[in-house]
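Asker: For the sequence shown, numbering that gives the first Met the number 0 begins at 0 and goes up steadily by one. We treat Cβ as the ideally placed atom computed from N, Cα and C, and that holds for glycine.
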Amino acid sequence: MHPARRLTFGDLVREHRRSYPEGVALVDGEVRLTWPQFDERTNRLAHALTAAGVGPGDRILWLGQNSFRIWELLGAAAKTGAMVCPGYWRWAAPEMAFAIEDFDPRVIVWQDEEIGDTVAKARAELGDDHRALWLRHDAEGPDSYESFLASGAPEDPALDVDPDAALLVIYTAAISGRQSGSMLSHRNLLAMGASAAWMGDIGRETAFLGAGPMFHIGNYQFWGVPAFVHGGKNVVVRRVVAEELLPLLAEERCTHAYLMPPTIAQLVALNREAGHDLSQLRASVAAPLWQGTVPTDTSRFTRNGGGEGRGYGQTEVTGFAVTGAHGGSGLGNAGRPGPFTAVRVLDEQGEECAPGTAGEICVRGDLVHLGYWNRPETNEHRFRFGWWHTTDLGRREADGTISFLGTTTRMLKSAAENIFPAEVENCIEAHPAVKEAAVIGVPNERWAQDVKAVVVLQPDAGPLTAEEVVEHCRARIASYKKPKTVEFVDALPRTKDFAKDYAALDERFGGGGYPGGDQLGAGR
Ligand SMILES: C[C@@]12CCC[C@@](C)(C(=O)O)[C@H]1C[C@@H](O)[C@@]13C[C@@H](CC[C@@H]21)[C@](C)(O)C3
Numbered sequence: 000m001h002p003a004r005r006l007t008f009g010d011l012v013r014e015h016r017r018s019y020p021e022g023v024a025l026v027d028g029e030v031r032l033t034w035p036q037f038d039e040r041t042n043r044l045a046h047a048l049t050a051a052g053v054g055p056g057d058r059i060l061w062l063g064q065n066s067f068r069i070w071e072l073l074g075a076a077a078k079t080g081a082m083v084c085p086g087y088w089r090w091a092a093p094e095m096a097f098a099i100e101d102f103d104p105r106v107i108v109w110q111d112e113e114i115g116d117t118v119a120k121a122r123a124e125l126g127d128d129h130r131a132l133w134l135r136h137d138a139e140g141p142d143s144y145e146s147f148l149a150s151g152a153p154e155d156p157a158l159d160v161d162p163d164a165a166l167l168v169i170y171t172a173a174i175s176g177r178q179s180g181s182m183l184s185h186r187n188l189l190a191m192g193a194s195a196a197w198m199g200d201i202g203r204e205t206a207f208l209g210a211g212p213m214f215h216i217g218n219y220q221f222w223g224v225p226a227f228v229h230g231g232k233n234v235v236v237r238r239v240v241a242e243e244l245l246p247l248l249a250e251e252r253c254t255h256a257y258l259m260p261p262t263i264a265q266l267v268a269l270n271r272e273a274g275h276d277l278s279q280l281r282a283s284v285a286a287p288l289w290q291g292t293v294p295t296d297t298s299r300f301t302r303n304g305g306g307e308g309r310g311y312g313q314t315e316v317t318g319f320a321v322t323g324a325h326g327g328s329g330l331g332n333a334g335r336p337g338p339f340t341a342v343r344v345l346d347e348q349g350e351e352c353a354p355g356t357a358g359e360i361c362v363r364g365d366l367v368h369l370g371y372w373n374r375p376e377t378n379e380h381r382f383r384f385g386w387w388h389t390t391d392l393g394r395r396e397a398d399g400t401i402s403f404l405g406t407t408t409r410m411l412k413s414a415a416e417n418i419f420p421a422e423v424e425n426c427i428e429a430h431p432a433v434k435e436a437a438v439i440g441v442p443n444e445r446w447a448q449d450v451k452a453v454v455v456l457q458p459d460a461g462p463l464t465a466e467e468v469v470e471h472c473r474a475r476i477a478s479y480k481k482p483k484t485v486e487f488v489d490a491l492p493r494t495k496d497f498a499k500d501y502a503a504l505d506e507r508f509g510g511g512g513y514p515g516g517d518q519l520g521a522g523r
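#1: Which one or two residues does DSSP pair with C7 in a beta bridge?
#2: Taking buried to mean at least 16 other C-beta atoms within 10 Å of its own C-beta, is K451 buried or exposed?
#3: Using only the heavy atoms of ligand 1, determine whether one of them is closer than 7 angstroms to the beta carbon of F67.
#4: Give the secondary structure of E424 by DSSP, where H, G and I count as helix, E and B as strand, and everything else as coil.
#5: Go ahead and pull the three-state DSSP assignment for D517.
#6: Ligand 1 and V468: does the residue's C-beta get closer than 7 angstroms to at least one heavy atom of that ligand?
#7: Measure the alpha-carbon distance for R5 versus D161 and round it to whole angstroms.
#8: Given a threshold of 16 other Cβ atoms within 10 Å of its Cβ, counted over all protein chains shown, does G170 qualify as buried or as exposed?
#9: So what does DSSP say about S478, is it helix, strand or coil?
#10: Consider the C-beta atom of G393 and the heavy atoms of ligand 1; say whether any pair is separated by less than 7 angstroms.
#11: Just the C-alpha distance for G52 and S66, rounded to the nearest angstrom, thanks.
#12: Find out if the Cβ-Cβ distance for the pair W289, V321 is shorter than 8 angstroms.
#13: Helix, strand or coil: which one does DSSP assign to G512?
#14: Flag T406 as yes when its Cβ comes closer than 7 angstroms to any non-hydrogen atom of ligand 1, and as no otherwise.
#15: Tell me which residues share the same chain as C472 and place their Cβ nearer than 6 angstroms to its Cβ, disregarding the 5 neighbours each side in the sequence.
#16: Which residues in the same chain as Y87 place their Cβ atom closer than 7 angstroms to its Cβ, once the five residues preceding and following it in sequence are excluded?
#17: Run through the segment 137-205 for me and flag every whole beta strand (DSSP E) of 3 or more residues, listed as ranges in chain order.
#18: Run through DSSP, which three-state label would H275 get?
#19: In this structure, does DSSP put M410 in helix, strand or coil?
#20: Counting Cβ pairs, one atom from each stretch, are 3 or more of them under 8 angstroms apart for the segment 378-397 and the segment 202-209?
#21: Please tell me whether G74 and P55 are closer than 8 angstroms, where the distance is taken between their beta carbons.
#22: Can you tell which of A47, E14, D101 has its C-alpha closest to the C-alpha of D38?
#23: Can you give me the C-alpha to C-alpha distance between D127 and R237, rounded to a whole angstrom?
#24: Note down the Cα distance separating F508 from Q348, rounded to an integer number of angstroms.
#25: Is the segment 406-421 in contact with the segment 372-386, if contact means three or more CB pairs nearer than 8 angstroms?
#26: Relative to ligand 1, is the shortest distance from any of its heavy atoms to the C-beta of F147 smaller than 7 angstroms?
#27: Can you tell me whether I114 is helix, strand or coil according to DSSP?
#28: Given a cut-off of 8 angstroms on the beta-carbon distance, is the pair A421 and T400 in contact?
#29: So S179 and R374 are in contact, right, with Cβ under 8 angstroms, and what is the actual spacing, rounded?
#30: What does the Cβ neighbour count give for H1, buried or exposed, with the cut at 16 atoms within 10 Å?
#31: Per the DSSP calculation, A341 is bridged to which residue(s)?
#32: Does DSSP classify F525 as helix, strand or coil?
#33: Please report how far the alpha carbon of T297 lies from the alpha carbon of A282, in whole angstroms.
#34: Roughly how many angstroms separate the alpha carbons of D27 and A226, rounded to a whole number?
#35: State the Cα-Cα distance for the pair K434 and H380, rounded to the nearest angstrom.
#36: Between which two residues does the alpha helix (DSSP H) harbouring M95 extend?
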């Protein structure tokens, strides 16, 4: 592709330097960087990385909490063709050592505060033969990040970088038993930024408090990257302490913030006393928790339930790829894909399921990641039939919207039919008397497995019989999916991550006989 038709994430920084010479790009404690200052620092860092042997496709690993330096590493990597992984700073030493072995970075930027001991243990596990250059970001001196950056020239390295190269790598949950790094390209981030900016009315005037973890896609999509893409301001915080966030929201006149419900409740309580002016802030996530103390966001995203999590996505499709912002809310709980994104609900043969029939949500387009780092077999399986297979179960509704039903990585087999517990649970939990449900399979010599539902009723619900649960399902999903037996319990067993504990349910109610590794979505 001709250079005149290639735009990278680094080009954004070059343009913002010229478009917004006075604009503030980043705030992090005492650090305030205008776009020209940010551009120069990322030039220096790019030159220093190049001098250290970092080139296209090489990796940089960040082992620390949120910092403006993650944005700098992204800017510098974008100018050199390298990729940056903000590591999960709460990793235990063995997990950190695994990530270093797996990601094989040329440079590791680490933090001593709070995680120095873990880093030391991980380094000890790796031994001294690991080739990475270690730079400490929360210190000064010869092995520090700042000294390294200062060693680079301020001029633009002007290297030719492929916008389809990986730039941001986020390690996702260990669904397949080990964490995998989802590689997001320049194009992924630019498409996500443009799309999210449209959904959320984000622009140059946006000031975003990035209080979400930078090892997770949420903080980037809502609304760090859209603000960055449009020359807005990113305010970075290392810790989520309400007493520290409250004055910052006012002083930086933040318009948006990535905050979880408990923090919102703390901020509201604190500000009743403090009386800070938060009139610039727009409440999106869990808006009611703000109790009217800040204006509710009026963007398409929030108006259509996005702030309450109505949408569908995953890191591997650069966040929420399906939302109510596109075409408005409808029958489905997730909405519709935006431009540059195609979605199909496919069966095991790669054929599209008819509306109303569940299958695997598959995605194509500029939001789909490059694949997992160092997972060629998994990538081949997950990109089969020319679509990214999310391993999530969904359904196209009659009005064209998508419903997200759960995961396909749990599946039952009854005769020749594949049954996804998530779909049956979703159906049962739609009954007003039901609080939650879990579906397991119990061995049946003739039919492989029978469907068994384990149901928890709402505390104030009237009596509900097993037959009524079965009839409820019969009226809503294909007959072969309905439970053959129903058990009522006071509470579902939960794992340490608070997921439904299916192993415990299998043990208690005689579950078993599940299909082998060839089940749909088994390759996640
Ligand atoms: C992070 C999102 C988007 C990506 C896919 C998800 C599944 C995930 O966890 O990976 C997802 C999780 C959602 O609860 C969330 C969290 C936050 C921001 C967007 C999404 C919001 C608006 O409250 C909804």
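Answerer: Let me lay it out:
#1: Note on residue identity: the sequence assigns Thr, not Cys, to residue 7. Partner(s): none; T7 has no beta bridge.
#2: buried
#3: no
#4: helix
#5: Model confidence at D517 stands at a pLDDT of 36, short of 50, so the residue's coordinates are unreliable; what they give is reported in the following sentence. In the structure shown, D517 sits in coil (DSSP, three-state: anything other than H, G, I, E or B).
#6: no
#7: 7 angstroms
#8: It should be pointed out that residue 170 corresponds to Tyr in this sequence rather than to Gly. Per the 10 Å Cβ criterion, buried.
#9: helix
#10: no
#11: 24 angstroms
#12: no
#13: coil
#14: no
#15: C426, K481
#16: Y170, F214
#17: 165-171, 179-184
#18: coil
#19: coil
#20: no
#21: no
#22: E14
#23: 30 angstroms
#24: 33 angstroms
#25: no
#26: no
#27: coil
#28: no
#29: 5 angstroms
#30: exposed
#31: R363
#32: No answer is possible for residue 525: the residues shown for the chain start at 0 and end at 523.
#33: 9 angstroms
#34: 16 angstroms
#35: 36 angstroms
#36: 92-102
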